[in-house]
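No gaps in the numbering here: position 41 of the sequence shown is 140 in our numbering, and each next residue is one more.
Down below is the structure, laid out as structure tokens.
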Amino acid sequence: MKKNDLVAAIAAKENCTKKDADKALNLVLDAITEALVAGEKISIAGFGTFEIRQRQSKQCINPRTKEPMTTKPCNVLAFRAGKALKDAINPEQ
């Protein structure tokens, strides 16, 4: 599903225009992005948790040249699904 499909689904469920649905989705995504950039953890009950984790530098080998190299530390986005989402995906478990 792409963003346009999601906007159309929101518009159909809420009986509003696609323009209004797109605006609402953009506001939510912007709020999530701003909170993550500020270092906050976002928990949406029943859906999941978004957070930024620090990945440390590590020693590895360049597969092309076989030379050892060190990766740089970086921030990565982590998502942990909530119970309701896990149950919706795997109803038998």
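All C-beta atoms in this analysis are idealised placements derived from N, C-alpha and C, irrespective of residue type, glycine included.
Residue i burial status per 10 Å Cβ neighbour count (16 or more: buried)
| i | result |
| --- | --- |
| VAL127 | exposed |
| ALA120 | buried |
Counterpart residues of residue i in DSSP-defined beta bridges
| i | result |
| --- | --- |
| ASN174 | GLN153 |
| MET100 | According to DSSP, which records beta bridges pairwise, MET100 is partnered with nothing at all. |
| PRO167 | ILE160 |
| ALA180 | GLY147 |
Whole-number beta carbon distance between residue j and residue i, since they are thought to touch under 8 Å
| i | j | result |
| --- | --- | --- |
| LYS117 | ALA107 | 6 Å |
| LEU135 | LEU105 | The Cβ separation is near 19 Å, so there is no contact. |
| ARG152 | ALA130 | Rounded, the Cβ-Cβ distance is 20 Å, inconsistent with contact. |
| ILE141 | PHE149 | 4 Å |
| THR164 | SER156 | With a Cβ gap of about 19 Å, THR164 and SER156 do not count as contacting. |
| GLY138 | LEU184 | Rounded, the Cβ-Cβ distance is 24 Å, inconsistent with contact. |
Any non-hydrogen atom of the ligand COA closer than 7 Å to residue i Cβ
| i | result |
| --- | --- |
| LYS112 | As presented, the structure is devoid of all ligands, the ligand COA included, so that no description of it is given. |
message = For a minimum of 4 consecutive residues, which ranges assigned as the alpha helix (DSSP H) are wholly contained in the stretch 111–164?
response = Listed in chain order, they are 117–136.
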